[in-house]
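Report on one structure; see the data block that follows.
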Amino acid sequence: MSVRHAMLLLLAGGLGALASCGPQASGPTGANPTRPASQTTGGGNGAGGNARLAAVAQQRNLTPDDLVAAAMTYTPSGRHDEYIQFASGGHSGQVFVIGVPSMRILRTIGVFTPEPWQGYGYGVGNDILAQGRVNGRDVLWGDTHHPALSETRGDYDGQFLFINDKANARVAVIDLRDYETRQILKNPLSLSDHGGTFVTPNTEWVIEGGQYSTPLGMAYAPISEYEESYRGMVTFWKFDRNAGRLDPDRSFAMELPPYWQDLFDAGKGPSEGWIFGNSINTEMATGGIEQGNPPFEAGVSRRDMDYLHVINLVKAAELAAAGRTVEINGFDVLPLETAVAEGVLYFIPEPKSPHGVDVAPSGEFIVVSGKLDPHVTVYSFAKIQQVIASGQYDTDQFGVPILDYDACVEAQVEVGLGPLHTQFDHQGYAYTSLFLEPAVARWTLGGASGSLNPEPDWTLVGKTSVHYNIGHLAVAEGDTVSPDGNYLIAMNKWSIDRFMPTGPLLPQNFQLIDISGTGERMPLLYDMPMGIGEPHYAQIIRADKLHPWTVYPEVGWNPHEGRVEVGAPSVGRERIERHGNEVHVYMTVVRSHFNPEHVEVNQGDRVIWHLTNIERALDASHGFCIPTYNINASLEAGEYARIEFDADVPGVFPFYCTEFCSALHLEMMGYLLVKPSDQAAVEAPEPIQPES
Ligand code: K7E
Ligand code: CUA
Numbered sequence: 034m035s036v037r038h039a040m041l042l043l044l045a046g047g048l049g050a051l052a053s054c055g056p057q058a059s060g061p062t063g064a065n066p067t068r069p070a071s072q073t074t075g076g077g078n079g080a081g082g083n084a085r086l087a088a089v090a091q092q093r094n095l096t097p098d099d100l101v102a103a104a105m106t107y108t109p110s111g112r113h114d115e116y117i118q119f120a121s122g123g124h125s126g127q128v129f130v131i132g133v134p135s136m137r138i139l140r141t142i143g144v145f146t147p148e149p150w151q152g153y154g155y156g157v158g159n160d161i162l163a164q165g166r167v168n169g170r171d172v173l174w175g176d177t178h179h180p181a182l183s184e185t186r187g188d189y190d191g192q193f194l195f196i197n198d199k200a201n202a203r204v205a206v207i208d209l210r211d212y213e214t215r216q217i218l219k220n221p222l223s224l225s226d227h228g229g230t231f232v233t234p235n236t237e238w239v240i241e242g243g244q245y246s247t248p249l250g251m252a253y254a255p256i257s258e259y260e261e262s263y264r265g266m267v268t269f270w271k272f273d274r275n276a277g278r279l280d281p282d283r284s285f286a287m288e289l290p291p292y293w294q295d296l297f298d299a300g301k302g303p304s305e306g307w308i309f310g311n312s313i314n315t316e317m318a319t320g321g322i323e324q325g326n327p328p329f330e331a332g333v334s335r336r337d338m339d340y341l342h343v344i345n346l347v348k349a350a351e352l353a354a355a356g357r358t359v360e361i362n363g364f365d366v367l368p369l370e371t372a373v374a375e376g377v378l379y380f381i382p383e384p385k386s387p388h389g390v391d392v393a394p395s396g397e398f399i400v401v402s403g404k405l406d407p408h409v410t411v412y413s414f415a416k417i418q419q420v421i422a423s424g425q426y427d428t429d430q431f432g433v434p435i436l437d438y439d440a441c442v443e444a445q446v447e448v449g450l451g452p453l454h455t456q457f458d459h460q461g462y463a464y465t466s467l468f469l470e471p472a473v474a475r476w477t478l479g480g481a482s483g484s485l486n487p488e489p490d491w492t493l494v495g496k497t498s499v500h501y502n503i504g505h506l507a508v509a510e511g512d513t514v515s516p517d518g519n520y521l522i523a524m525n526k527w528s529i530d531r532f533m534p535t536g537p538l539l540p541q542n543f544q545l546i547d548i549s550g551t552g553e554r555m556p557l558l559y560d561m562p563m564g565i566g567e568p569h570y571a572q573i574i575r576a577d578k579l580h581p582w583t584v585y586p587e588v589g590w591n592p593h594e595g596r597v598e599v600g601a602p603s604v605g606r607e608r609i610e611r612h613g614n615e616v617h618v619y620m621t622v623v624r625s626h627f628n629p630e631h632v633e634v635n636q637g638d639r640v641i642w643h644l645t646n647i648e649r650a651l652d653a654s655h656g657f658c659i660p661t662y663n664i665n666a667s668l669e670a671g672e673y674a675r676i677e678f679d680a681d682v683p684g685v686f687p688f689y690c691t692e693f694c695s696a697l698h699l700e701m702m703g704y705l706l707v708k709p710s711d712q713a714a715v716e717a718p719e720p721i722q723p724e725s
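Start counting the sequence shown at 34; every next residue gets the next number (our numbering).
The structure is reproduced here in structure tokens:
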């Protein structure tokens with residue numbers, strides 16, 4: 034017996050002892066001529082289980098570490114995950130909901146892109162997608178980057194989720210009672226955003242920072258006028274929690290120099306009320322490689338320092354409320370001049386084109402990752418305040434005060450090559466993604482109260498290699514005032530050889546890492562291919578903080594209005610009403626029929642189809658599609674939906690339920706008969722018999 038096999042047996046003994054307490058597992062192992070008798074008998078004794086586990090491990094070439102990783106992530110049928118991860122969907126324009134540690138995808142949330150399974154944008158939800166039109170044009174995708182869970186006192190409260198679309202500068206609000214998008218807002222100033230979305234500790238404000246500077250208000254100016262006419266910005270959307278909506282009328286933006294603002298984060302604890310943003314391109318490079326200019330990649334990285342933006346949001350909001358704003362494209366903007374004069378905006382040098390700014394759980398420190406510099410730079414909020422109070426500073430060419438770097442910096446930690454983003458745990462550790470190594474670095478957060486780690490402050494502790502280039506990382510509740518730790522997900526941009534190739538386009542790779550221990554050890558547990566876009570950021574919330582509806586509160590519920598729809602179809606009140614050439618269909622939906630089943634209209638009629646799923650059972654969703662009319666709805670238990678279309682194409686259209694809902698699901702259909710305009714018109718609807 035090899036040493037490795039002996040180790041497996043030893044380990045299997047430990048696992049077997051655990052397993053023997055519960056019901057005997059009966060997982061398939063395939064045809065294995067060497068499998069022991071206990072495997073086929075399903076006998077409950079520990080020794081048989083051990084031998085069986087060892088045999089499986091040997092057959093599948095699994096190491097003891099593999100078995101531990103499997104035991105830490107495997108989630109038996111019917112058991113739920115401890116955490117839920119909300120991951121941006123990158124260019125899919127969506128959000129993905131993933132269980133942790135099982136790494137099972139639970140749901141897609143349609144946000145900026147139509148989503149056929151939910152029927153989002155195929156007759157229902159079109160009005161929400163229409164809110165995201167830009168200059169009257171449908172923009173039916175997004176580049177979602179940074180999801181932000183709503184917070185109460187700096188902790189996730191499980192009520193709402195916000196997300197930005199970097200490609201078109203839009204933000205969306207998702208209601209976590211039903212995981213549906215409720216609102217999309219187009220930023221009236223900017224054409225790209227990246228520093229969004231981030232929330233203040235009580236979600237009073239949702240932050241959306243711009244990225245590539247343009248003339249504000251989506252206006253035109255030649256690029257030769259970059260310094261005079263192009264501007265950066267950060268927008269503060271006022272969140273009305275009761276309404277579950279962002280309120281544009283109470284929102285405002287701040288004009289910023291045409292540096293490229295990158296990420297933002299909100300202060301907390303002592304720094305609550307302040308906002309921090311990193312930037313690149315303080316060089317104000319304008320590219321033009323075709324004219325012999327340095328390309329952006331070089332031009333944007335010429336200076337040794339860029340600027341951490343430090344913004345007094347409380348004061349900015351007071352100025353906005355006092356009318357100190359100007360209007361650009363119908364939106365209130367606090368001018369740069371005013372922000373400077375009133376002490377709202379400060380800069381602090383930050384090493385060379387950094388990426389990511391993260392406020393530590395205590396709110397005392399702000400961590401900026403070097404990207405082109407192997408350090409993370411830690412700024413002290415208390416020191417920043419002292420320097421501001423001293424009134425001693427230079428200014429940049431726009432008059433913005435530049436605070437002394439050395440006077441504001443608490444520490445620098447050399448973490449490795451290509452640091453991008455930092456998150457925190459409950460043990461006083463910080464974790465930084467290293468794009469170039471690629472790895473996750475663990476380091477000690479100096480001055481962290483309640484720190485359990487024995488290492489001295491501000492020290493690199495260890496690294497775990499990831500596969501491959503990592504962007505963001507997410508620790509369970511790792512950007513709140515009270516991180517959980519335990520799990521870290523590396524969001525890797527390349528997967529290279531980790532999975533079976535799927536043509537030349539390969540998935541991204543989420544890697545789950547166990548950070549429950551201390552010191553150097555941070556074992557990798559699981560690889561999860563993400564073949565649906567490039568998620569940038571994710572947040573991981575404790576599952577028991579989420580309290581979604583499992584059926585809508587009442588039959589006839591209109592999710593978009595958050596109330597029962599007056600006049601929603603109900604049992605016995607199904608009917609078809611004609612008013613001129615407008616036809617209203619009032620239809621109930623239940624296993625396994627629609628009522629009415631015959632809907633006759635005339636070519637050219639405007640059809641307004643009201644549907645209520647009258648089910649009250651868990652998971653009793655029905656679909657509703659009409660062929661060739663690009664209509665598909667998903668009606669969850671209790672849901673009311675309204676679909677409008679012009680019956681412009683004559684013919685006979687079998688509509689049917691698209692969710693396999695019962696044994697008679699195939700029979701759940703009906704006919705839409707659109708009578709050609711050259712035939713005698715349908716006069717009055719057929720009488721509908723109330724359901725008995
Ligand atoms: Cu990819 Cu937050 Cu857009 Cu960094 S960002 S990786
Ligand atoms: Cu209802 Cu299938």
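All residues carry an ideal CB built from backbone N, CA and C; glycine is no exception.
Selected residue, minimal CA-CA separation from residue i, among the options
{"i": "Leu-378", "options": "Ile-417, Glu-360 and Val-411", "result": "Ile-417"}
{"i": "Ser-135", "options": "Pro-248, Thr-106, Ile-574 and Gly-123", "result": "Thr-106"}
{"i": "Pro-384", "options": "Asn-591, Gly-451 and Glu-184", "result": "Gly-451"}
{"i": "Pro-683", "options": "Leu-706, Met-702, Thr-551 and Ala-696", "result": "Leu-706"}
{"i": "Ser-125", "options": "Met-701, Ile-565 and Glu-594", "result": "Ile-565"}
{"i": "Val-366", "options": "Leu-222, Thr-247 and Trp-238", "result": "Leu-222"}
{"i": "Asn-525", "options": "Tyr-426, Val-514 and Val-499", "result": "Val-499"}
{"i": "Gly-432", "options": "Gly-511, Pro-290, Asp-512 and Ala-350", "result": "Pro-290"}
{"i": "Pro-556", "options": "Ile-522, Pro-534, Leu-539 and Thr-535", "result": "Ile-522"}
{"i": "Asp-295", "options": "Leu-341, Met-251, Glu-258 and Gly-332", "result": "Leu-341"}
{"i": "Phe-693", "options": "Val-685, Asp-652 and Thr-268", "result": "Asp-652"}
{"i": "Phe-678", "options": "Val-157, Tyr-116 and Trp-582", "result": "Val-157"}
Cβ pair residue i, residue j closer than 7 Å
{"i": "Phe-457", "j": "Pro-394", "result": "yes"}
{"i": "Ile-217", "j": "Gln-164", "result": "yes"}
{"i": "Pro-568", "j": "Ala-120", "result": "yes"}
{"i": "Ser-402", "j": "Val-409", "result": "yes"}
{"i": "Arg-639", "j": "Glu-615", "result": "yes"}
{"i": "Thr-230", "j": "Asn-201", "result": "no"}
{"i": "Gln-244", "j": "Trp-293", "result": "yes"}
{"i": "Gly-479", "j": "Trp-491", "result": "yes"}
{"i": "Ala-509", "j": "Asn-519", "result": "yes"}
{"i": "Thr-177", "j": "Gly-122", "result": "yes"}
{"i": "Thr-691", "j": "Asn-663", "result": "no"}
Coil, strand or helix - residue i by DSSP
{"i": "Met-533", "result": "coil"}
{"i": "Gln-419", "result": "helix"}
{"i": "Val-618", "result": "strand"}
{"i": "Pro-562", "result": "strand"}
{"i": "Tyr-426", "result": "coil"}
{"i": "Arg-85", "result": "helix"}
{"i": "Val-499", "result": "coil"}
{"i": "Ala-523", "result": "strand"}
{"i": "Asp-211", "result": "coil"}
{"i": "Gln-57", "result": "Model confidence at Gln-57 stands at a pLDDT of 36, short of 50, so the residue's coordinates are unreliable; what they give is reported in the following sentence. Three-state result, Gln-57: coil."}
{"i": "Pro-687", "result": "strand"}
{"i": "Ser-466", "result": "strand"}
{"i": "Lys-578", "result": "helix"}
{"i": "Ser-395", "result": "coil"}
{"i": "Ala-254", "result": "coil"}
{"i": "Pro-97", "result": "helix"}
{"i": "Ser-284", "result": "strand"}
Nearest-angstrom Cβ-Cβ length linking residue i and residue j, presumed shorter than 8 Å
{"i": "Tyr-585", "j": "Gly-656", "result": "Contact flag wrong, Cβ pair sits at about 16 Å."}
{"i": "Ile-308", "j": "Ile-344", "result": "4 Å"}
{"i": "Tyr-412", "j": "Val-442", "result": "6 Å"}
{"i": "Leu-279", "j": "Met-266", "result": "With 8 Å as the limit, Leu-279 and Met-266 do not qualify as a contact, their Cβ atoms being about 16 Å apart."}
{"i": "Asn-311", "j": "Gly-389", "result": "7 Å"}
{"i": "Lys-348", "j": "Glu-375", "result": "7 Å"}
Identify every run of the beta strand (DSSP E) within the stretch 171-196, keeping only runs that are complete inside it and at least 3 residues long; order them along the chain. Entirely contained in the stretch 171-196, the beta strand (DSSP E) runs reaching 3 residues are, in chain order, 181-185.
Continuous alpha helix (DSSP H) assignments of at least 4 residues falling wholly in the stretch 297-365: Counting only unbroken stretches of 4 or more residues, the alpha helix (DSSP H) elements lying wholly within the stretch 297-365 are 329-332 and 346-354, in sequence order.
Whole runs of the alpha helix (DSSP H) within the stretch 431-461, excluding any shorter than 4 residues: Positions of the alpha helix (DSSP H) runs, each at least 4 residues long and wholly inside the stretch 431-461, are given as 438-441 in order along the chain.
Of all the beta strand (DSSP E) runs that stay within the bounds of the stretch 585-671, which reach a length of 3 or more residues? Listed in chain order, they are 608-612, 615-623, 626-628, 631-635, 639-646, 655-659 and 664-668.
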